[in-house]
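Each residue of the sequence shown is one higher than the one before, counting from 1035 in the numbering used here. Worksheet: the structure to be examined is printed underneath.
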Amino acid sequence: MVLLMLCGGCSALSPYSTQTRLDISLTGSHQLNPDLNGRPSPTVLRLLELKHPAAFQSLDFFSLYARSKDVLAQDLVASEELELRPGERIDLKLKVAPDSRYVGVLAAYRNLPEARWRYVIELTPESLTRAEFTLDEAGLHRSDESITRAGR
């Protein structure tokens, strides 16, 4: 019985797992989110697991940042917040909820009108999606795009 439970736990970590997963890399450039004097500054990021991306793509930054649970109520599955500093790289390996089909990336830039502050990653169910982003003075940029079918 214990062996069966241990083996069941191993399958979640297996490359042959049928869970929906996201490996995401976030790199802050040395020009990330400049302040009024042009000095690079950290930025806060939110990763939002979504059923559908339409509301995330159409709402303004402040509604999404301050009231994401309210304004995305029907689409929001889960969220995570982190801070990225200039010159830092963060690599995350996430297990995504079964009903999540997208991950919205929201970056809190000081100069919102001039920066790309949102991005939507489409997930492939029961697969591994990899996404690599660079964040600089102009915003959030997808620098790599590849999707690998689980088990291949």
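Ideal Cβ placement from N, Cα and C applies to all residues, glycine included.
{"Asked": "List the endpoints of the continuous beta strand (DSSP E) containing A1141.", "Found": "Y1136 to A1142"}
{"Asked": "Below 8 Å on the Cβ atoms is my guess for P1076 versus R1123; work out the distance and round it to an integer in Å.", "Found": "Not quite, the Cβ-Cβ distance comes to about 13 Å (not below 8 Å), so this is no contact."}
{"Asked": "Determine the extent of the alpha helix (DSSP H) in which S1063 is found, giving its start and end residues.", "Found": "Run containing S1063: none; DSSP gives neither H nor E here."}
{"Asked": "So what's V1130 in DSSP terms, helix, strand or just coil?", "Found": "coil"}
{"Asked": "What residues match up with F1167 in a beta bridge as DSSP calls it?", "Found": "L1060 and R1176"}
{"Asked": "How would you write the range of the beta strand (DSSP E) that S1113 sits in, first residue to last?", "Found": "L1110 to L1118"}
{"Asked": "Is DSSP giving E1083 helix, strand or coil here?", "Found": "strand"}
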